[in-house]
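Let me begin by presenting the structure, written as structure tokens, before commenting on it.
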Amino acid sequence: MGPAVVTVETSAFDGQKPGTSGLRKKTTVFQQEHYVENFVQATLSAVGEDVLRGKELVVGGDGRFYNDVMIQKILRICAANGVGKVVVGQHGLLSTPAVSALIRSLGSAGGFILTASHNPGGADNDCGIKYNVSNGGPAPEGVTAKIFDNTKTISSYKTVEGMADVDLATCGVTAVEVLDGFTVEVVDSTTNYVELMDKVFDLSAIKSLLSRPDFEFTYDGMHGVAGPYARRIFHEELGVPLASLHNCEPSETFGGGHPDPNLTYASELVARMGLTSSGAKSGASPDAIPDFGAAADGDADRNMVLGKEFFVTPSDSLAVIAANANCIPFFRDAGGLKSVARSMPTSAAADLVAERNSFPMFQVPTGWKFFGNLMDSGELGKEDLTPLICGEESFGTGSNHIREKDGIWAVLCWLSILAARNEDPAAPLVSVEDIVKDHWSTFGRNYYSRYDYENVESDKAAKVMDGLTAKIKAFKEQGAAALGMDDAPGFEISDCDEFEYFDKVDGSVSSHQGWRFMFADGSRFVFRLSGTGSVGATIRLYIEKYEKDDIDKPTAVALEGLVKVALDFSDLVALTGRKEPTVIT
Ligand code: VG1
Ligand code: CO
């Protein structure tokens with residue numbers, strides 16, 4: 028007897044709700060019988076059997092523990108549901124941006140990405156699944172809502188009994204005998220992505236920069252899936268010695284670390300770049316510090332960029348890339364950048380670039396899925412807003428070359444800008460710090476910081492947020508006087524709300540996207556609850572203050588007063604018992 032399609036009875040699991048970016052839970056939760064199958068079936072049913080019949084899907088992940096098991100389950104369920112073909116990255120590895128790129132170049136119907144992104148991996152940590160649609164981007168809210176509905180009512184799923192595990196170690200096509208015919212093609216994880224980067228950038232200009240004797244480059248793959256891409260691009264294409272590429276071997280547990288590229292978790296790289304976890308100079312000898320350092324998260328869609336003894340905030344990075352987009356052939360050849368978009372909590376630095384260039388700026392809720400419609404605006408019959416650069420304060424930057432944020436792309440953007448500023452090999456090196464400071468002196472500086480309070484008990488977090496909702500209501504009804512801020516002279520809230528986004532392209536509305544408190548001078552603080560955690564609640568506090576001329580202060584000094592006001596105002600310390608945040612960036 029060959030493999031046969033069977034219907035397996037199951038019952039619904041609670042909480043299979045896709046968050047900011049897919050479904051994320053403890054690995055032990057994913058390991059429960061039927062758990063993965065339920066979610067995958069709910070997804071395929073949400074997309075529609077008729078839509079997927081005979082079509083192709085892409086599957087790959089960041090190499091974390093249990094991905095291999097999930098991939099084989101997905102293959103069986105796809106086969107049983109009439110999907111024609113699944114393209115899988117070799118060894119099951121594909122970065123999030125590479126999946127987006129593959130879906131687009133192959134014209135696939137969509138894809139599954141197995142990752143909990145920046146969350147740690149391993150038997151005691153997290154797993155995740157996200158579904159991307161045919162434009163290569165994360166499933167929009169309409170689709171994720173349908174998936175969640177299906178998970179609540181599911182009573183059976185289809186799979187193939189007797190189908191052996193497909194060998195993912197060797198590239199090539201495997202035909203699996205099932206009712207309608209079904210094939211799996213294992214592809215090299217990096218080739219398609221590298222070809223795309225070669226089209227977007229002038230790699231030879233970057234290669235010249237990297238060959239300067241006074242320019243040292245270093246990269247940290249954080250033991251995630253960025254490693255193989257970094258080796259292919261930075262080493263094989265651009266000539267960077269392998270010794271400069273650290274932690275570039277994907278590991279099931281990310282080497283026991285937290286694959287989140289920020290000042291706290293990328294501590295190895297941060298120290299190598301001459302900084303401490305607060306972003307201050309560590310006092311290491313500048314001669315021994317590289318000129319450029321970068322890191323990625325588990326699934327390689329995030330990036331952190333550092334200069335010698337210098338941290339570039341993601342919000343500034345977005346603004347600098349946007350201001351210098353013409354250094355990059357992808358933008359230059361299309362006649363220059365047409366618009367910029369950022370998530371609401373991201374600083375307004377990019378807005379100033381948009382204003383100066385008279386192109387539109389869009390502010391969307393947190394999560395990459397909201398950028399997709401802007402990128403597809405032309406195809407959707409609206410004014411074409413592309414080429415477009417998008418970014419989030421959470422170390423995510425990207426453009427319409429794909430429909431996800433892209434960690435390696437962001438590094439290549441920075442290298443392109445550096446290459447353009449350093450065309451004369453005999454002139455002294457223009458550094459990352461020089462470029463950012465030039466930017467500030469032109470546009471002013473948006474001092475910015477994010478405080479994360481991880482793993483707060485959910486009921487305590489809810490109390491903080493309920494308090495903020497009540498204050499917004501009081502402000503709307505009775506004005507600023509009702510906020511009781513007399514002990515904070517100089518800080519008068521000029522407006523506040525719960526952010527709501529109206530998507531001009533498809534007319535959808537997304538409400539309750541964060542609590543915003545604005546001041547007359549453009550300063551603000553914002554509170555949000557994270558949608559990517561797997562236990563308890565994570566409260567994020569975002570603080571921003573703009574200075575036109577006073578651009579040389581340490582961030583902590585510039586924001587001190589505002590942080591105090593935000594904490595007093597929210598009563599966060601008393602309500603949660605947390606005196607200090609878990610991470611400050
Ligand atoms: C976080 C970030 C958000 C990002 C999301 C997914 O979401 O704040 O900007 O898009 O992670 O990134 P939240 O809901 O926890 O604040 V990734 O690289 O983890 O897929
Ligand atoms: Co990620």
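According to my numbering, the stretch in the sequence shown is residues 28 to 612, in order. Glycine included, every Cβ here is placed at the ideal spot set by N, Cα and C. This structure is a prediction, so every number in the text was calculated from the model and none was measured.
Between residue i and residue j, is the Cβ-Cβ spacing less than 7 Å?
{"i": "residue 559", "j": "residue 481", "result": "no"}
{"i": "residue 79", "j": "residue 114", "result": "no"}
{"i": "residue 92", "j": "residue 148", "result": "yes"}
{"i": "residue 328", "j": "residue 286", "result": "no"}
{"i": "residue 261", "j": "residue 252", "result": "no"}
{"i": "residue 37", "j": "residue 65", "result": "yes"}
{"i": "residue 338", "j": "residue 244", "result": "no"}
{"i": "residue 422", "j": "residue 331", "result": "yes"}
{"i": "residue 556", "j": "residue 572", "result": "no"}
{"i": "residue 116", "j": "residue 98", "result": "no"}
{"i": "residue 407", "j": "residue 227", "result": "no"}
{"i": "residue 165", "j": "residue 159", "result": "yes"}
{"i": "residue 201", "j": "residue 211", "result": "yes"}
{"i": "residue 400", "j": "residue 530", "result": "yes"}
{"i": "residue 334", "j": "residue 458", "result": "yes"}
{"i": "residue 255", "j": "residue 216", "result": "yes"}
{"i": "residue 177", "j": "residue 69", "result": "yes"}
{"i": "residue 478", "j": "residue 568", "result": "yes"}
{"i": "residue 546", "j": "residue 570", "result": "no"}
{"i": "residue 541", "j": "residue 371", "result": "yes"}
{"i": "residue 190", "j": "residue 341", "result": "no"}
{"i": "residue 561", "j": "residue 51", "result": "yes"}
{"i": "residue 592", "j": "residue 515", "result": "yes"}
{"i": "residue 603", "j": "residue 487", "result": "yes"}
{"i": "residue 491", "j": "residue 563", "result": "no"}
{"i": "residue 543", "j": "residue 518", "result": "no"}
{"i": "residue 309", "j": "residue 291", "result": "no"}
{"i": "residue 250", "j": "residue 278", "result": "yes"}
Our contact map puts residue i next to residue j with C-beta atoms below 8 Å; I'd like the distance itself, whole angstroms only.
{"i": "residue 157", "j": "residue 34", "result": "About 26 Å separates the two Cβ atoms, so there is no contact after all."}
{"i": "residue 468", "j": "residue 578", "result": "7 Å"}
{"i": "residue 607", "j": "residue 474", "result": "No, residue 607 and residue 474 are not in contact; Cβ-Cβ is about 20 Å, not under 8 Å."}
{"i": "residue 106", "j": "residue 203", "result": "6 Å"}
{"i": "residue 247", "j": "residue 295", "result": "6 Å"}
{"i": "residue 347", "j": "residue 429", "result": "With a Cβ gap of about 21 Å, residue 347 and residue 429 do not count as contacting."}
{"i": "residue 431", "j": "residue 123", "result": "5 Å"}
{"i": "residue 349", "j": "residue 377", "result": "6 Å"}
{"i": "residue 495", "j": "residue 416", "result": "Rounded, the Cβ-Cβ distance is 31 Å, inconsistent with contact."}
{"i": "residue 174", "j": "residue 39", "result": "Going by Cβ atoms, the distance from residue 174 to residue 39 rounds to 13 Å, so no, they are not a contact pair."}
{"i": "residue 221", "j": "residue 259", "result": "5 Å"}
{"i": "residue 67", "j": "residue 101", "result": "6 Å"}
What does residue i pair with, by DSSP beta-bridge criteria?
{"i": "residue 245", "result": "320"}
{"i": "residue 564", "result": "483"}
{"i": "residue 418", "result": "369 and 424"}
{"i": "residue 440", "result": "Answer by DSSP bridge pairing: none, since residue 440 is not bridged."}
{"i": "residue 608", "result": "In DSSP, residue 608 forms no bridge with anything."}
{"i": "residue 31", "result": "188"}
{"i": "residue 581", "result": "DSSP, once it has assigned bridges, lists no residue as partnering residue 581."}
{"i": "residue 224", "result": "Residue 224 pairs with nothing; no bridge assigned."}
Let me check you understand the geometry: is the CB of residue i closer than 6 Å to at least one non-hydrogen atom of ligand 2?
{"i": "residue 247", "result": "no"}
{"i": "residue 144", "result": "yes"}
{"i": "residue 258", "result": "no"}
{"i": "residue 567", "result": "no"}
{"i": "residue 324", "result": "yes"}
Sorry if obvious, but does the Cβ on residue i come closer than 6 Å to a heavy atom of ligand 1?
{"i": "residue 168", "result": "no"}
{"i": "residue 17", "result": "As shown, the chain starts at 28 and ends at 612. That puts residue 17 outside it, with no answer to give."}
{"i": "residue 559", "result": "yes"}
{"i": "residue 588", "result": "no"}
{"i": "residue 393", "result": "yes"}
{"i": "residue 525", "result": "no"}
{"i": "residue 690", "result": "Because the chain spans 28 through 612 in this model, residue 690 falls outside it and cannot be assessed."}
Return yes when at least one heavy atom of ligand 3 lies under 6 Å from the C-beta of residue i, else no.
{"i": "residue 47", "result": "Ligands in the displayed structure: ligand 1 and ligand 2; ligand 3 is not one of them."}
Inset, instruction - May I ask you to verify whether the segment 165–183 touches the segment 76–90, counting CB pairs closer than 8 Å and requiring at least 3? - result: Because the criterion of three Cβ pairs below 8 Å is not met, the segment 165–183 and the segment 76–90 do not touch.
Inset, instruction - Mind the definition here: the segment 135–146 touches the segment 441–453 only if three or more C-beta pairs lie below 8 Å; say whether that holds. - result: Under the 8 Å Cβ criterion, the segment 135–146 does not count as touching the segment 441–453, having fewer than three qualifying pairs.
Legend entry - Touching by the beta-carbon criterion (3+ pairs, under 8 Å), the segment 128–137 and the segment 230–243: No, the segment 128–137 does not touch the segment 230–243.
Legend entry - Sufficient close CB pairs (3 or more, under 8 Å) joining the segment 40–56 to the segment 385–400: A contact exists between the segment 40–56 and the segment 385–400.
Inset, instruction - Please confirm if the segment 597–612 is in contact with the segment 503–521, defined as three or more CB-CB distances below 8 Å between the two stretches. - result: No: fewer than three Cβ pairs fall under 8 Å.
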